[in-house]
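Q:
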Amino acid sequence: MIQRGIGVTIGAIVSLVLLVAMTTVTLEDAIVPLVIGAIAAWAWPLVIAFYLGRRAKQRREGQIQDEVQRQVDQQNR
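Below you can see the structure in the form of structure tokens.
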């Protein structure tokens with residue numbers, strides 16, 4: 000978690016320096032997009048992990064339901 004925060008901070012600073020140095024954008028105009036980009040860079044792994052965790056849980060529950068149904072069908076024969 001600390002490594003991600005450090006990485007996002009360093010990436011934001013480097014992006015700011017490159018944006019201001021290579022374009023005619025002023026520092027004040029570059030701050031808002033920089034902050035939004037830093038928040039997105041920090042948050043996207045959490046969103047992806049949440050999505051993948053839910054997908055794995057649903058798949059596992061589906062497999063359990065299939066096995067339960069198979070066993071019920073087997074008992075009813």
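Per numbering that gives the first Met the number 0, residue 0 is the first one in the sequence shown, and the count goes up by one each step.
Virtual Cβ for every residue (Gly too), placed ideally from N, Cα, C.
1. LEU15: buried (16+ other C-beta within 10 angstroms of its C-beta) or exposed?
2. What is the DSSP secondary structure of VAL19, reduced to helix, strand or coil?
3. Taking just the CA atoms, how far does GLY6 sit from ARG53?
4. Report the option in ILE35, TYR50, THR25 whose CA atom is closest to the CA atom of LEU10.
5. Measure the alpha-carbon distance for VAL31 versus ALA37 and round it to whole angstroms.
A: Reading from the atomic positions:
1. buried
2. helix
3. Computed Cα separation, rounded: 27 Å.
4. Note on identity: in this sequence residue 10 is Gly, with Leu being the wrong assignment. The shortest Cα separation from GLY10 among ILE35, TYR50, THR25 belongs to ILE35.
5. 10 Å
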